[in-house]
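A.B. asks:
Number of protein chains: 2
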Amino acid sequence: MAESARRARGGGGAARRAQRSAVSFETARFIERNIPNFEVLTEEALEIIEHNAETVLEEIGVNFPDNPGALQRWRDAGADLQGERVRIPRGLARKLCETAPSSFTQHARNPARNVEVGGRNLVLAPVYGPPFVRDAAGGRRYATMADFNKFVKLAYMSKWLHHSGGTVCEPTDIPVNKRHLDMLHAHMTLSDKPFMGSVTEPSRAQDSVDMCGVLFGEDFVQQNTVMTSLININSPMTFDDVMMGALEVYASNNQACIISPFIVGGAMAPVSVAGTLTQVLAETLAGIAYSQLVRKGAPVIMGAFVTSIDMNSGAPTFGTPEAAHITYGAGQLARRLNLPYRSAGSFCGSKLPDAQAAYETSNSLNMGLLAGVNFMLHACGWLEGGLVSSFEKFVMDADQLGTLHHLARGVEIDENAQAMDAIREVGPGGHYLGCAHTQANFKSAFWKSDLLDYKPFETWADEGARDTQALATARVEKLLGDYQQPEMDPGIREALDAFVAQRKAAEPDSFM
Amino acid sequence: MAESARRARGGGGAARRAQRSAVSFETARFIERNIPNFEVLTEEALEIIEHNAETVLEEIGVNFPDNPGALQRWRDAGADLQGERVRIPRGLARKLCETAPSSFTQHARNPARNVEVGGRNLVLAPVYGPPFVRDAAGGRRYATMADFNKFVKLAYMSKWLHHSGGTVCEPTDIPVNKRHLDMLHAHMTLSDKPFMGSVTEPSRAQDSVDMCGVLFGEDFVQQNTVMTSLININSPMTFDDVMMGALEVYASNNQACIISPFIVGGAMAPVSVAGTLTQVLAETLAGIAYSQLVRKGAPVIMGAFVTSIDMNSGAPTFGTPEAAHITYGAGQLARRLNLPYRSAGSFCGSKLPDAQAAYETSNSLNMGLLAGVNFMLHACGWLEGGLVSSFEKFVMDADQLGTLHHLARGVEIDENAQAMDAIREVGPGGHYLGCAHTQANFKSAFWKSDLLDYKPFETWADEGARDTQALATARVEKLLGDYQQPEMDPGIREALDAFVAQRKAAEPDSFM
């Protein structure tokens, strides 16, 4: 199987065909920022937090339960072990992190969709993980594989998404021990954008690597990064053996991991911003250092998934100012480690794709761009605290992602942008709509929504007085109707189908 | 009348009574930023734009039509005049702007509500100008004085609004030549927050000054700023005699004006960011310089109301990345002039308080905070491109303004914020909810919405599955039900009533 994959790539025909389809759907290149980062921590505050994080690692330590291999690696590296507790001498974790690359290329099967993760770039990937889906017609319900496929198609069709993501929703109608195969198959065949691997069992991470061997060729996978997968830290300071097992598979195969605390502030971290940042830094230092103990140079992303909490109900809250402070601050800490940074997303607590959802999401998306985030998971489609993938919100958020692309361009100052001829031509009391400069520049001057309504009130009323959700329902239908599957070498497709069939046949279904 | 007003202030009883009511409604103090400004223009770009703006003033000039007094002032100052065209020698306008104060206090009748405009402060004022109102029950309809009064009450009750604003909606049931009297009377009696004066005729500006004389005492008004009023420039580069007439009244009475281009990009200014900023700077330099020709030291705010345009329909668009670039850039230009800056707001094009409205508004509010805006007009309640004041959106946006207050606080780094004791106490795998640090800090740690829903799905569904608009309808009713009129000296109230009655009797109604 792998042989046929390599041959197909070598021929170049598939790549050329994919390239043609890429043009017709107009996927934007990942964002390269031409604007500064927004920073909220002073140099003094950064030094205090860094000092405190080392104190946490040295004096309190982190837990690696049920993982003798990990404990041995830490012992060999010079850490102090007591049971599953790993205490890391001051400076050691930071030193180990130095071998992680400051940026890396994640390859897509269509090379035009490759992404550069790190530096001043921002890669946008869709929502990850919800067990439910919602749309206006069907309401809220458990997600199925049919829903999953639709989200992969919507992500493929979205101009502003660079990445197909991973578990865009949980296909609950497929056995737990087999759904990763169907999910990967969908990302590989329904899209040609880069994607994420499974992390729910080390064996499923291995399946992900093996399927990439089929798609890209085994040698290509060993020499290049073709997956970025999500490794959550069980905050506070616990490195779960299942997640670490998946990390070990990916790192040893040169595949990228996001190593990310998952924190509801006040519950899994202190109720203060500086305290939470201290814990985030301690946790990511330990996790990234561990990835480098598995394989020096393995690509990683420093993650920070942090929300605040409603202290009355205990519910997580999104798009809040405290989450913003943490996201800005963690970006500063990541840059001082010279590592790619993951944070922010289309976060919201609302049950519906309504104004609450949009306020919260917009707060988080804007913050993510200005915080210097390099990889934004959940960039569209998240609803109800991550319990729901919303079809309408997916296309609503994806449209807003266009604003981030335009914001990131910064301000041009060349002679055309200065427009002095236009100001002279029009003069006091004149009108710019018809002037030469406007005619020459209007097409590219402004970001253009593919969704929002700017019609006069009367036209809008005549057309049914639709709110944003109703406009989004229509856009979901349109995109799914227009969808065309990207071409794929039939030999590779056959081999992928065979791999999935064979692995499914090898063990009984489990829904646990 | 003025005598009785002065006596009442001198006594101090009214102020003390007002202070008591201020506490019960918990109005936040204006925002004092402890975070940096976000800047998108390089030093080189700033210098080019400043050079070009001077070129515009010197070579193209600005128009002051139908205003011989203004032309005489400019001639005396050394400008080159041809008809109504005023060409201003390079450097002159900037030089004249130097006498404008870098910040000023706007006094409220309740001294606890005074605001400082300038520096690192941000003062939030509600929507201004819409002829229509909308609420869920009544739909979209022409605004009336009853609507106006409700908005003044909502602004008074809002914790995060520092200012009562001006024309919160146009009371179209009151004659055009008399509605300013009723509007000012409402701001003065239904609220004790600072407010804006009328600008629709110079005589109405004079009425505004005279009514303030009744409220504050004539001497107090001459020695202190008690109104901030909105003077729009008729872009490109035209200074309308009515607006300038109002400016002349206010400046000569030491009252503050926002001098603000009103620009739909691509129509009233070049279709590029740098070109628009050049025009904004040229226009505000000319307008502010003129205010200083009227009275040296008159308080002013440099304004920039700039939207982009949908080139297909010609409709203005809001919350766009190009508007953000201009708002960030204009902030940099204002700071180099050492002047207070007005921009941003709850801008949106949507017809409904839906997700589109919230995305667009949130984009603009966040940008306004980070751009260093000192006075944000339209900070809540704007709908449909400014045609509509929305009751629901007013309280939705006003709630979001709380996030700006918390964001502006920045990050604390003292020992309590570092929370090292909490991290030690909880340790790996623990839980922070019950720890001593959380118990001591949780009440003030996180911004708390007074509107948004964080309930579990089932609870929310049982309670009617309300969207944000429905939650807002309930909040509008609650606030209006809880409203209590702030106390006022009966002598002043009588004098205000008498002033309005007398001015109304003095001329026939006009609806033109």
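In the order they appear, the protein sequences are chains A and B.
Positions 10 to 521 (the working numbering) are the ones given, in order, by the first sequence.
Positions 10 to 521 (the working numbering) are the ones given, in order, by the second sequence.
We put the beta carbon where it would ideally sit given N, CA and C, even for glycine.
Given a cut-off of 8 Å on the beta-carbon distance, is the pair residue 308/A and residue 432/B in contact?
C.D. replies: The residue you call residue 308/A lines up with position 299 of the first sequence. The residue you call residue 432/B lines up with position 423 of the second sequence. No, the Cβ-Cβ distance between residue 308/A and residue 432/B is not below 8 Å.
A.B. asks: Taking residue 90/A as the reference, give the member of 419/A, 329/A and 66/A with the closest Cα.
C.D. replies: For this step, residue 90/A is matched to residue 81 along the first sequence. Comparing Cα positions, the closest option is 66/A.
A.B. asks: Looking only at C-alpha atoms, which of 438/A, 259/A and 170/A sits nearest to residue 305/A?
C.D. replies: Start at 1 with the first residue of the first sequence, and residue 305/A comes out as number 296. Comparing Cα-Cα distances from residue 305/A to each of 438/A, 259/A and 170/A, the minimum goes to 259/A.
A.B. asks: Tell me the residue span of the alpha helix (DSSP H) that contains residue 55/B.
C.D. replies: Counting from one through the second sequence, the residue named residue 55/B turns up at place 46. Segment 52-64, the alpha helix (DSSP H) holding residue 55/B.
A.B. asks: Quick one: residues in its chain with C-beta nearer than 8 Å to the C-beta of residue 502/B, no 5 flanking neighbours on either side, listed in chain order?
C.D. replies: Within the second sequence, the letter at position 493 stands for residue 502/B. Excluding residues within five positions, the ones whose Cβ falls inside 8 Å are 198.
A.B. asks: Residues of chain A with a CB under 7 Å from the CB of residue 44/B: which are they?
C.D. replies: One-based indexing of the second sequence puts residue 44/B at position 35. Ordered by position in chain A, the residues that pass the 7 Å Cβ test against residue 44/B are 49.
A.B. asks: Would you please verify whether the beta carbon of residue 520/B is less than 8 Å from any beta carbon of chain A?
C.D. replies: In the second sequence, counting from the first residue as 1, residue 520/B sits at position 511. Output row for residue 520/B: interface = no.
A.B. asks: At 7 Å on the CB atoms, spell out the chain B contacts of residue 450/A, in chain order.
C.D. replies: Residue 450/A sits at position 441 when you count from the first residue of the first sequence. In chain order: 280 and 281.
A.B. asks: For the segment 275-305 of chain A, enumerate the residues whose C-beta is nearer than 9 Å to any C-beta of chain B, in chain order.
C.D. replies: Hits within the stretch, in order: 275, 276, 277, 278, 279, 280, 281, 282, 283, 284, 285, 286, 287, 288 and 291.
A.B. asks: Let me know the secondary structure DSSP gives residue 434/A once reduced to three states.
C.D. replies: What you label residue 434/A is simply residue 425 of the first sequence in a count that begins at 1. The answer is helix: DSSP assigns residue 434/A an H, G or I state.
A.B. asks: Who does residue 509/B pair with in a DSSP beta bridge?
C.D. replies: For the purposes of this step, residue 509/B is taken as residue 500 along the second sequence, with counting starting at 1. Per DSSP, none; premise fails for residue 509/B.
A.B. asks: Against residue 421/A, what residues of chain B qualify as contacts under a CB-to-CB distance less than 8 Å, listed in chain order?
C.D. replies: Here residue 421/A corresponds to residue number 412 of the first sequence, with the count starting at 1. Those within 8 Å of residue 421/A in chain B are 281, 282 and 283.
A.B. asks: Can you check whether the CB of residue 245/A is closer than 8 Å to the CB of residue 438/B?
C.D. replies: The residue you call residue 438/B lines up with position 429 of the second sequence. The residue you call residue 245/A lines up with position 236 of the first sequence. The answer is yes: Cβ separation under 8 Å.
A.B. asks: For residue 468/B, does the count of other Cβ atoms within 10 angstroms reach 16, so buried, or fall short, so exposed?
C.D. replies: Taking the second sequence and counting its residues from 1, the one referred to as residue 468/B is at position 459. When all chains shown are included, residue 468/B counts as exposed.
A.B. asks: So, does the CB of residue 75/B fall closer than 8 Å to a CB anywhere in chain A?
C.D. replies: Residue mapping note: residue 75/B aligns to position 66 of the second sequence, counting from 1. No, residue 75/B lies away from the interface with chain A (no Cβ there is under 8 Å from its Cβ).
A.B. asks: Flag this pair as yes or no: are the beta carbons of residue 274/B and residue 331/B separated by less than 8 Å?
C.D. replies: In the second sequence, residue 274/B corresponds to position 265, counting from 1. In the second sequence, residue 331/B corresponds to position 322, counting from 1. In contact: residue 274/B and residue 331/B (Cβ atoms closer than 8 Å).
A.B. asks: So, at 6 Å on beta carbons, what are the nonlocal neighbours of residue 156/B in its own chain, with the 5 sequence-adjacent residues on each side left out?
C.D. replies: One-based indexing of the second sequence puts residue 156/B at position 147. Closer than 6 Å at the Cβ level, and outside the excluded window around residue 156/B, lie 142 and 178.
A.B. asks: Run through DSSP, which three-state label would residue 522/A get?
C.D. replies: No answer is possible for residue 522/A: the residues shown for chain A start at 10 and end at 521.
A.B. asks: Looking only at its chain, what residues have a beta carbon closer than 7 Å to the beta carbon of residue 480/A, apart from the 5 residues adjacent to it on each side?
C.D. replies: Here the question's residue 480/A lines up with position 471 in the first sequence. Here the set comprises 460 and 462.
A.B. asks: On the criterion of 16 or more Cβ atoms from any shown chain inside 10 Å, does residue 372/B qualify as buried, or is it exposed?
C.D. replies: Indexing the second sequence from 1 puts residue 372/B at position 363. Counting Cβ neighbours within 10 Å, residue 372/B comes out buried, since at least 16 surround it.
A.B. asks: Buried or exposed for residue 32/A, going by 16 or more other Cβ atoms inside 10 Å?
C.D. replies: As a working note, residue 32/A is residue 23 in the first sequence. Bear in mind that the predicted position of residue 32/A carries a pLDDT of just 38, short of 50, making it too unreliable to give a figure here.
A.B. asks: Taking residue 107/B as the reference, which of 297/B, 286/B and 520/B has the closest Cα?
C.D. replies: Within the second sequence, residue 107/B is the residue found at index 98, counting from 1. Taking only the C-alpha atoms, the option nearest residue 107/B is 297/B.
A.B. asks: If the cut is a Cβ gap below 9 Å, which residues of chain A does residue 317/B touch?
C.D. replies: The count along the second sequence starts at 1 and reaches residue 317/B at position 308. What residue 317/B touches in chain A: 454, 455 and 456.
A.B. asks: Can you check the segment 357-430 of chain B for any beta strand (DSSP E) of at least 3 residues that lies completely inside it and give the ranges in chain order?
C.D. replies: Those beta strand (DSSP E) runs which fall completely within the segment 357-430 of chain B and span 3+ residues are 397-399.
A.B. asks: Answer with buried or exposed for residue 159/A, where buried requires no fewer than 16 other C-beta atoms within 10 angstroms of its C-beta.
C.D. replies: Numbered from 1 along the first sequence, position 150 holds the residue referred to as residue 159/A. Per the 10 Å Cβ criterion, buried.
A.B. asks: Who are the near neighbours of residue 370/A in its chain, counting only those whose CB is closer than 7 Å to its CB and skipping five residues on each side?
C.D. replies: Against the first sequence, residue 370/A aligns to sequence position 361. The answer, listed in chain order, is 328, 355, 356, 357 and 406.
A.B. asks: On the CB-based measure, 16 or more other CB atoms within 10 Å of its CB, does residue 523/A come out buried or exposed?
C.D. replies: Absent from the structure is residue 523/A, since the part of chain A shown begins at 10 and ends at 521.
A.B. asks: Within its chain, find whatever has a CB closer than 7 Å to the CB of residue 526/A; leave out the 5 residues flanking it on each side and keep chain order.
C.D. replies: Residue 526/A is absent from the model: chain A starts at 10 and stops at 521.
A.B. asks: Identify which residue in 361/A, 190/A, 471/A and 121/A has its Cα closest to the Cα of residue 516/A.
C.D. replies: Translated into positions along the first sequence, residue 516/A becomes position 507. It is 190/A whose Cα lies nearest to the Cα of residue 516/A.
A.B. asks: Please report whether the beta-carbon of residue 440/B lies at a distance below 8 Å from any beta-carbon of chain A.
C.D. replies: On the second sequence, position 431 is the one that residue 440/B refers to. Residue 440/B counts as touching chain A.
A.B. asks: Tell me the rounded alpha-carbon separation between residue 28/B and residue 485/B.
C.D. replies: Here residue 28/B corresponds to residue number 19 of the second sequence, with the count starting at 1. Here residue 485/B corresponds to residue number 476 of the second sequence, with the count starting at 1. With a pLDDT of 48 at residue 28/B, under the threshold of 50, the predicted position of this residue should be treated as unreliable, though the coordinate-derived value follows. Rounded to whole angstroms, residue 28/B to residue 485/B spans 24 Å at the Cα level.
A.B. asks: DSSP state of residue 222/B, grouped into three classes?
C.D. replies: Position 213 of the second sequence, counted from the first residue, corresponds to residue 222/B. Of the three classes helix, strand and coil, the one that applies to residue 222/B here is helix, per DSSP.
A.B. asks: In whole angstroms, give me the CA-to-CA distance for residue 30/B and residue 399/B.
C.D. replies: Within the second sequence, numbered from 1, the residue matching residue 30/B stands at position 21. Within the second sequence, numbered from 1, the residue matching residue 399/B stands at position 390. Annotation note: pLDDT 45 at residue 30/B (below 50); position unreliable, coordinate value reported separately. Looking at the two C-alpha atoms, the distance is approximately 27 Å.
A.B. asks: So what's residue 148/A in DSSP terms, helix, strand or just coil?
C.D. replies: For this step, residue 148/A is matched to residue 139 along the first sequence. The answer is strand: DSSP assigns residue 148/A an E or B state.
A.B. asks: Can you list, in chain order, the residues of its chain whose CB lies under 6 Å from that of residue 404/B, leaving out five sequence neighbours each side?
C.D. replies: Translated into the one-based positions of the second sequence, residue 404/B becomes position 395. Excluding residues within five positions, the ones whose Cβ falls inside 6 Å are 481, 484 and 485.
A.B. asks: Between which two residues does the alpha helix (DSSP H) containing residue 335/B stretch?
C.D. replies: As a working mapping, residue 335/B is identified with position 326 in the second sequence. Taken as a continuous stretch (DSSP letters only), the alpha helix (DSSP H) holding residue 335/B covers 330-346.
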